[in-house]
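Asks: Okay, here's the structure, questions in a sec.
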Amino acid sequence: MARKPQEEGAADPRRAAIDALMALSAEGPWKDIGLSDIAGRAGLKLSQLRGLFPSKGAILAAYSRQIDQAVLDGIDEGMSGEPARERLFDVLMRRIDALAPQKAAIENISKAFAVDPLSLAAWNRVVTNSMQWMLVAADIDAEGPLGAVRAQGLVLAWSRILKVWLKDDDEGLAATMKEVDRQLRSGERWMERADDLFQIFKPFCRIAERSHERRARMRERLRARFRDFADTRRRRAGGQDDAEAV
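Count along the sequence shown from 1, add 288, and you get the number used in my numbering.
Structure (structure tokens):
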């Protein structure tokens, strides 16, 4: 049922739009949800919703950031002395806990994205960003090329974890925890190999970077020479005009 449109300045309309999208996603297929449906459920004017979000996907991305913040707010400082795999296990299970109220919605959204490559590709960027924050929450380096590899690897692991979680009806989430552990152990071995490869190719990366820097300097010198040549031509042309005027 649509709510009465909120007055301008109503409290937290962004949260209302996010809650509306997730509620509608739990009730039916993702593809059937329109922006007007979201606005009506949230009690917003369509113009208000447009001012808040450019698209339905953007509202879902905002929900993902909301989950990121919930996980980051709950960082357990007592885990700081534990191995990296244990820290990341704790972070991912807290993310599962944060997602739990919207499990039905996430299941419907996952089904829709599974048959929509374009939406899945766009969503991958959102999830990769979230996984970078999850690595940071676990005090694991997520910067640079190797950090990007870690984040993308964690995205793949997370997609497999979600599939198990969506089918896991056990209150203790035994199957989900087992899958998280399995994926992290597998990822740990994979990252060790990736780290070895990164170290092997690191000198070649430096060579490529230096080559790129040399080409950039050469381009800048050529641009400077062209500017000097053009300035000289303009000065000469200006002098010739002055002579003709005399």
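Backbone N, C-alpha and C fix where the C-beta goes; we use that ideal spot for every residue, glycine too.
#1: Hey, which unbroken runs of the alpha helix (DSSP H) at 4 residues or more fall wholly within the region 341-369?
#2: Along the chain, where does the alpha helix (DSSP H) containing Gly328 start, and where does it finish?
#3: Can you tell me the Cα-Cα spacing of Pro301 and Val379, whole angstroms?
#4: Among residues of its own chain, excluding the 5 on either side of Asp456, which ones have a beta-carbon nearer than 6 angstroms to its beta-carbon?
#5: By Cβ distance, which residues of its chain are closer than 6 angstroms to Met367, with the 5 residues on each side in sequence left out?
#6: Assuming Val414 contacts Ser352 (C-beta within less than 8 angstroms), just tell me the rounded distance between them.
#7: Return the first residue and the last residue of the alpha helix (DSSP H) that Asp385 is part of.
#8: Run through DSSP, which three-state label would Val424 get?
#9: Tell me, to the nearest whole angstrom, how far the beta carbon of Arg329 is from that of Leu312; I am working on the premise that it is less than 8 angstroms.
#10: Compare the Cα-Cα distances from Leu387 to each of Arg524, Trp446 and Gly316 and report the closest residue.
#11: Does DSSP put Asp300 in a helix, in a strand, or in coil?
#12: Using C-beta distances below 6 angstroms, list every residue in its chain close to Arg303, excluding the 5 sequence neighbours before and after it, in chain order.
#13: Go ahead and pull the three-state DSSP assignment for Pro317.
#14: Does Asp456 come out as helix, strand or coil in the three-state DSSP assignment?
#15: Take Met310 and list the residues in its own chain whose beta-carbon comes closer than 8 angstroms to its own, dropping the five residues that flank it on each side.
#16: Measure from the alpha carbon of Glu327 to the alpha carbon of each residue in Ala308, Gly345, Pro317 and Leu461, then state which is nearest.
#17: What is the rounded straight-line gap between the Cα of Arg524 and the Cα of Ala504?
#18: Using 8 angstroms as the threshold, is the C-beta distance between Gln357 and Ile306 below it?
#19: Is Val359 closer than 8 angstroms to Met422 when the C-beta atoms are compared?
#20: Measure the Cβ-Cβ separation of Leu454 and Ser407 and say whether it is below 8 angstroms.
Replies: In this structure, then:
#1: 344-361
#2: For the purposes of this step, residue 328 is taken as the residue at position 40 of the sequence shown. Start and end: Leu323 to Ala330.
#3: Mapped onto the sequence shown, residue 301 falls at position 13. Mapped onto the sequence shown, residue 379 falls at position 91. Approximately 29 angstroms, taken between the alpha carbons.
#4: On the sequence shown, residue 456 is found 168 positions in, with the first residue counted as 1. Answer for Asp456: Ala463 and Thr464, listed in chain order.
#5: Counting from one through the sequence shown, the residue named residue 367 turns up at place 79. Excluding positions up to five away in sequence, the list reads Arg375 and Asp378.
#6: Locating residue 414 in the sequence shown gives position 126, counting from the first residue. Locating residue 352 in the sequence shown gives position 64, counting from the first residue. Rounded, the Cβ-Cβ distance is 5 angstroms, consistent with contact.
#7: As a first step, residue 385 is located in the sequence shown; it is residue number 97 there, counting from the start. Its alpha helix (DSSP H) spans residues Ala372 to Leu387.
#8: In the sequence shown, the residue the question calls residue 424 occupies position 136. In the structure shown, Val424 sits in a helix (DSSP, three-state: H, G or I).
#9: Here residue 329 refers to the residue found at position 41 of the sequence shown. Here residue 312 refers to the residue found at position 24 of the sequence shown. Arg329 to Leu312, Cβ: 6 angstroms. Contact.
#10: Working through the sequence shown from its first residue, we reach residue 387 at position 99. Of the candidates Arg524, Trp446 and Gly316, the one whose C-alpha sits nearest the C-alpha of Leu387 is Trp446.
#11: Numbered from 1 along the sequence shown, position 12 holds the residue referred to as residue 300. Asp300 falls in the coil class under three-state DSSP.
#12: On the sequence shown, position 15 is the one that residue 303 refers to. In its own chain, leaving out the 5 sequence neighbours on each side, no residue places its CB closer than 6 angstroms to the CB of Arg303.
#13: Along the sequence shown, one-based indexing puts residue 317 at 29. Coil.
#14: By one-based count along the sequence shown, residue 456 stands at place 168. Coil at Asp456, not helix or strand.
#15: Stepping through the sequence shown from its first residue, residue 310 is reached at position 22. So the list reads Tyr351, Gln390 and Ala393, once near-sequence residues are dropped.
#16: Numbered from its first residue, the sequence shown carries residue 327 at position 39. The question names Glu, but residue 327 in the sequence shown is Ala. When each option's Cα is compared against that of Ala327, the closest is Ala308.
#17: As a working mapping, residue 524 is identified with position 236 in the sequence shown. As a working mapping, residue 504 is identified with position 216 in the sequence shown. Each residue's alpha carbon lies about 30 angstroms from the other.
#18: Reading the sequence shown from its first residue, position 69 is the one you call residue 357. Reading the sequence shown from its first residue, position 18 is the one you call residue 306. Not in contact: Gln357 and Ile306 (Cβ atoms no closer than 8 angstroms).
#19: Here the question's residue 422 lines up with position 134 in the sequence shown. Here the question's residue 359 lines up with position 71 in the sequence shown. Taking 8 angstroms as the cut-off, the Cβ atoms of Met422 and Val359 count as close.
#20: Reading the sequence shown from its first residue, position 166 is the one you call residue 454. Reading the sequence shown from its first residue, position 119 is the one you call residue 407. It is not a contact, given that the beta carbons lie outside the stated cut-off.
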